[in-house]
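The structure under discussion appears below in the form of structure tokens.
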Amino acid sequence: MTTICLLYPELLGTYGDGGNGLAVTERARRRGIDVELVSAGLNDDVPDAALYLLGGGEDGPQRLATDLLRRSSFVSRVQDGAKVAAVCAGLQILGMTFCVEGDDEFEGLGLVDVVTSRGERRSVGELSTRVDGRLLVGFENHGGRTTLSGGIEALGTVVKGRGNDGKFDGYRTKNIWATYAHGPVLAMNPWFCDEILASVVGAELDPLTSAADLLYQERCRVLSS
Amino acid sequence: MGKASTLRDQLASAAVRTVNRVSRMTGRGSGTVIGGRVGMTIAPDLISTLAEGRTIILVSGTNGKTTTTSMVAAGWGGNVTTNKTGANMPAGHLAALVESRNEHVALEVDEAWLADTLKSTRPYVVVLLNLSRDQLDRANEVRHLAERWRQALALREDGKLIVVANANDPLVVYAAEVGANTVWCDVPTTWIADALSCPKCTLAISHVGNSWHCACGFAKPTTITSVLGDDLVISGKSVMLELSMPGEFNRSNAAMALTALACVRVDLDEAVRRVNAIQSVVGRFSVRRWNGHVLRLLLAKNPSGFAAMLATLRDDGSDVWVAINARVADGHDPSWLYDVPFEMLRGHRVYCFGDRRLDLATRLDYGRVDYIVVDNDDLVPTSKETISLLANYTAFHDWLARSEA
Ligand SMILES: [Zn+2]
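Protein chains in written order, with numbering that gives the first Met the number 0: chain L, 0 to 224; chain D, 0 to 404.
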């Protein structure tokens, strides 16, 4: 049994972020992979899981989620190899510092050597990124500008939208995928969801057709035109 | 009664009327907003001038404001000035205030414009229904909105404003608790996903039964004026709500409309009779015909609205039609589809319409709900039963326009 854990949906679930948990679980089950989706609430301990999902949130909740995670077993579990898929605020939380509530700098979890400052303006709109020759499509809505340190690889290069800084979006480490495309990014990009799932179960996946294939083709067409 | 006091105000009022008439004649719009914009350019204080001396009830909130405003207007009885077409920003308010000069005014107000409208219209009562996520791509973060409401209400210097507020919505309570005259309504409120973290301290709010509280002391108000159970009880007086429109949420809307009317001393029995008789509000809940189908049109614009509307569907496995767009008025980001409990539709077959039907189909597919993507309207098989069609804002208006009464 593989456990997938949605972290603090009360705090980090602003933009349909629950959709990512739904998509990865459903795509596993349709292939006969034994998975369970659990969520860790504000008053719960962080459970043992193979994959943690971090969503986006407003300033206050983002700060609280970071504090709770800092005091939990989350950081050591990730250092021990548990995998994380993070979107939006989740991307910022895993880094060294981020800004909330004006320009107040706040300490992140320090798992990835990236820093987020306040962007000149909010980044709101369609986001598409080229990742290893494939498009990742979604929607971004955030006020951050994220800078990766030399050793950290971006998830992809921006084709449309802003992402980290107008050039790159997100980051990719051995066990972390992070993007500014929020909410149902895994639901909309079946190949990306499957890449994460394959890594979590440590095996190649059987092909799977689903409604998301047509949606993905449509969004790629719209965002490339 | 408000009257235009200066020559400039009179000119501006005339301009609003003329532009709106021209706009309606040329079919360029419903003719309420354009004239209002012209009027505000000529005389920026015109709303205040026209509002003076009238008894005004404002209604705001994420969901139910059009219906509730309509209930206030109908329940009041007699001639009531109102922004019927849902033009709920200043230009729409101005157009309504210019169009008719009744003493009684009921205005629907966009959540983001509440502070300005409180200032310009100086209402007698403001009704605060609920706050939840809606069109987040406009960066109207819901906690931020609650904060702006709170500051606007705290600024009211005269202390006379009556705030009729939903005691079961923590974000509304956060805003309304600073009012000097707050009338709390205990009405069923099922959507709590946006108020799980305390607006004061961000800790978890415990929702237990019909109550809620936070460790910091922030809690559901205890001095309740109006309670909606099987009957509606306002200040000890009980009345029977027997609405013609469906849905538990409409009962909550009616309870708050009637509480506001009680504040302006309208006879409650008369008001309830008038509210019970409302069949539909600007097409919402109306039964229409299209291509041989009989459709009941249901507007649902965001997760809480959708959840409430899904709960009104009969559990009979009938076909359900859902239409989703993501145009300007809808918000360009349909991510919210994943916050809608579409799993409630398992056992039904869902026909997916609208510009974003593939986003909807994907959501339904992951939720294990039967779906059919409609690329060609002519291929939809005819059914004998009345079909419920749930649509978000522009999709709803498309269907209203393409169907017949
Ligand atoms: Zn609190």
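All C-beta atoms in this analysis are idealised placements derived from N, C-alpha and C, irrespective of residue type, glycine included.
- In summary, the residues of the stretch 362 to 384 of chain D whose CB is separated from some CB of chain L by less than 8 Å are ARG362, LEU363, ASP364, TYR365, GLY366, ARG367, TYR370 and VAL372, in the order they occur in the chain.
- For D:CYS197, there is no enclosing beta strand (DSSP E), as DSSP gives it neither H nor E.
- Comparing C-alpha distances from D:GLY208 to each of D:TRP398, D:THR201 and D:LYS219 shows the shortest one belongs to D:LYS219.
- Going down the chain, each residue whose beta-carbon is closer than 6 Å to a heavy atom of ligand 1 shows up: D:CYS197, D:LYS199, D:CYS200, D:LEU202, D:CYS213, D:CYS215 and D:PHE217.
- L:ALA177 is the residue among L:GLY109, L:THR2, L:GLU25 and L:ALA177 whose C-alpha sits nearest the C-alpha of L:ASN163.
- Restricting attention to L:GLY40, L:ARG28 and L:ILE92, the CA atom closest to the CA of D:TYR365 is found in L:ARG28.
- If you draw a 10 Å sphere on the C-beta of L:CYS98, you find 16 or more other C-beta atoms in it, and that means buried.
- For L:ASN188, the closest Cβ of chain D is not nearer than 8 Å.
- For a Cβ distance threshold of 8 Å, residue set LEU10, GLY59, PRO60, ARG62 and LEU63 of chain L lies close to D:THR201, ordered along the chain.
- Residue contact check for D:LEU357 against chain L: a CB pair falls below 8 Å.
- Listed in chain order, the non-local C-beta contacts of D:VAL368 below 8 Å within the same chain comprise PHE341, GLU342, LEU344, ARG345, HIS347 and VAL349, local neighbours out to five positions each way being set aside.
- Contacts with chain D (Cβ-Cβ distance below 8 Å) from the stretch 13 to 41 of chain L involve THR13, TYR14, GLY15, ASP16, GLY17, GLY18, LEU21, ALA22, GLU25, GLY40 and LEU41, listed in chain order.
- Neighbourhood of D:TRP190 in chain L, by CB distance below 9 Å: empty, with the nearest CB roughly 13 Å away.
- Closer than 8 Å at the C-beta level to chain L, one finds these residues of the stretch 317 to 332 of chain D: HIS331 and ASP332.
- Residues of the same chain with a CB within less than 6 Å of the CB of D:ASP193, apart from the 5 flanking positions on each side, are SER131, ARG132 and VAL141 in chain order.
- In the three-state scheme derived from DSSP, where H, G and I count as helix and E and B as strand, L:ALA39 is classed as strand.
- Looking from the CA of D:LYS383, the closest CA among D:TYR370, D:ALA50 and D:GLY291 belongs to D:GLY291.
- Within the stretch 331 to 351 of chain D, HIS331, ASP332, PRO333, SER334, TRP335, LEU336, TYR337, ASP338 and VAL339 place their CB atoms closer than 9 Å to a CB of chain L, listed in sequence order.
- Beta bridge pairing from DSSP links D:ASN180 with D:ILE161.
- For D:TRP289, the pairing in a beta bridge is given by DSSP as D:HIS292.
- Under the rule that a run must span 4 or more residues, the alpha helix (DSSP H) segments found entirely inside the stretch 216 to 288 of chain D read 247 to 262 and 267 to 275.
- Annotation for D:SER119: ILE46 and SER47 place their beta carbon closer than 6 Å to its own, counting only its chain and skipping 5 residues before and after.
- Judged by DSSP secondary structure, L:LEU52 falls within the beta strand (DSSP E) whose first and last residues are 50 to 53.
- When DSSP states are grouped into helix, strand and coil, D:LEU389 belongs to the strand group.
- By the rule that beta-carbons nearer than 8 Å mark a contact, D:SER196 touches chain L.
- Annotated three-state conformation of L:CYS98 is strand, per DSSP.
- Going by beta carbons, L:ILE3 and L:LEU52 fall inside the 8 Å limit.
- When only Cα atoms are considered, L:VAL45 and L:GLY94 end up about 19 Å apart.
- The beta carbon of D:ALA360 falls within 8 Å of a beta carbon belonging to chain L, placing the residue at that interface.
- For L:SER209, a Cβ of chain D is located within less than 8 Å of the residue's own Cβ.
- Listed as beta-bridge partners of L:VAL130 by DSSP are L:ARG133.
- The DSSP assignment places 79 to 81, 103 to 108 and 124 to 127 as complete runs of the beta strand (DSSP E) inside the stretch 76 to 153 of chain D, in order along the chain (cut-off: 3 residues).
- Cα atoms of D:ARG272 and D:MET239: separation of roughly 9 Å, rounded to the nearest angstrom.
- With 16 or more other CB atoms across the displayed protein chains lying within 10 angstroms of its CB, D:CYS197 is buried.
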